[in-house]
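Enquirer: Here's a structure for you.
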Amino acid sequence: MMRVIVNGECSDWVCVLSGIPQGSVLGPLLFLIFVNDLPDWIKTNIRMFADDTKIWIKIVTQEDVTKLQEDLNSLCDWSKKWLLQFNPQKCVVMHIGHNMNSRYHFSQDNQNWELKSVSEEKDLGVGYQ
Numbered sequence: 003m004m005r006v007i008v009n010g011e012c013s014d015w016v017c018v019l020s021g022i023p024q025g026s027v028l029g030p031l032l033f034l035i036f037v038n039d040l041p042d043w044i045k046t047n048i049r050m051f052a053d054d055t056k057i058w059i060k061i062v063t064q065e066d067v068t069k070l071q072e073d074l075n076s077l078c079d080w081s082k083k084w085l086l087q088f089n090p091q092k093c094v095v096m097h098i099g100h101n102m103n104s105r106y107h108f109s110q111d112n113q114n115w116e117l118k119s120v121s122e123e124k125d126l127g128v129g130y131q
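The numbering used here numbers the first residue of the sequence shown as 3 and each following residue consecutively.
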C-alpha cells in the first residue's frame with residue numbers, strides 16, 4: 003500500500019504491485035538493486051544508465067538477427083518475472099551500417115509490438131544519427 007503526501011495533503015491509500023517510489027531517498031538505490039540482474043538475461047551487448055537500457059549486436063547474418071530477437075524475448079521474460087514493464091512504444095531499433103530487412107518484436111501484456119525503426123535517436127540530450 004502506498005500514498006503520496008504533498009504539502010501536508012495525503013492521497014488515498016492505493017495497492018501497488020510493482021515499481022519503485024519516485025522522489026524518495028531510497029528509490030534510486032532500490033531501483034538499481036531491482037534491475038541488477040537484468041544483464042544476466044542478455045547474451046549480446048547491454049548498457050544501462052538510470053532507467054534506460056540499450057542492447058545491440060553487429061548484424062552480419064540472419065543468425066545475428068535471431069540473437070537480437072532472442073534478447074528482446076529475454077527482456078520480456080525478465081519484465082514479466084519482476085513485474086516491471088518496459089514501454090514498447092518508447093522502444094526503437096536503429097540500423098547502422100547494414101541494409102538487412104530485419105524487424106524486431108516485443109511482447110508484453112499479451113500484445114506483440116513491432117519495434118519502430120528510426121534513423122536518429124535522442125539519448126540523454128545527445129542526438130545520434
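All residues carry an ideal CB built from backbone N, CA and C; glycine is no exception.
(1) Rounded to whole angstroms, what is the Cα-Cα separation between Ser104 and Lys45?
(2) Just to confirm my understanding: we take Lys69, look at its own chain, exclude 5 residues before and 5 after, and list those with CB closer than 7 angstroms. What are they?
(3) Can you name, in chain order, every residue of its own chain whose Cβ lies under 6 angstroms from the Cβ of Trp148, other than the five neighbours on each side?
(4) Whose C-beta lies closer than 7 angstroms to the C-beta of Glu116 among residues of the same chain, with five residues either side of it excluded?
(5) Report the three-state DSSP secondary structure of Cys17 (helix, strand or coil).
(6) Using the rule of at least 16 other Cβ atoms within 10 Å of the residue's Cβ for burial, across every protein chain shown, is Pro41 buried or exposed?
(7) Where does Asp125 land, buried or exposed, given buried means 16+ other C-beta within 10 angstroms?
(8) From which residue to which residue does the beta strand (DSSP E) around Asn114 run?
(9) What number of angstroms, rounded off, separates the C-alpha of Cys78 from the C-alpha of Asn38?
(10) Return the residue from the list Asn9, Val94, Asn101 that minimises the CA-CA distance to Val120.
(11) Using DSSP bridges, identify the partner residues of His97.
(12) Give the range of the beta strand (DSSP E) segment to which Ile59 is assigned.
Expert: Once the coordinates are examined:
(1) 19 angstroms
(2) Lys45, Thr46, Ile59
(3) Absent from the model: residue 148. The displayed extent of the chain is 3 to 131, so no value can be given.
(4) Arg105, His107
(5) coil
(6) exposed
(7) exposed
(8) 113-116
(9) 16 angstroms
(10) Val94
(11) In DSSP, His97 forms no bridge with anything.
(12) Ile59 -> no beta strand (DSSP E), and no H or E assigned at all.
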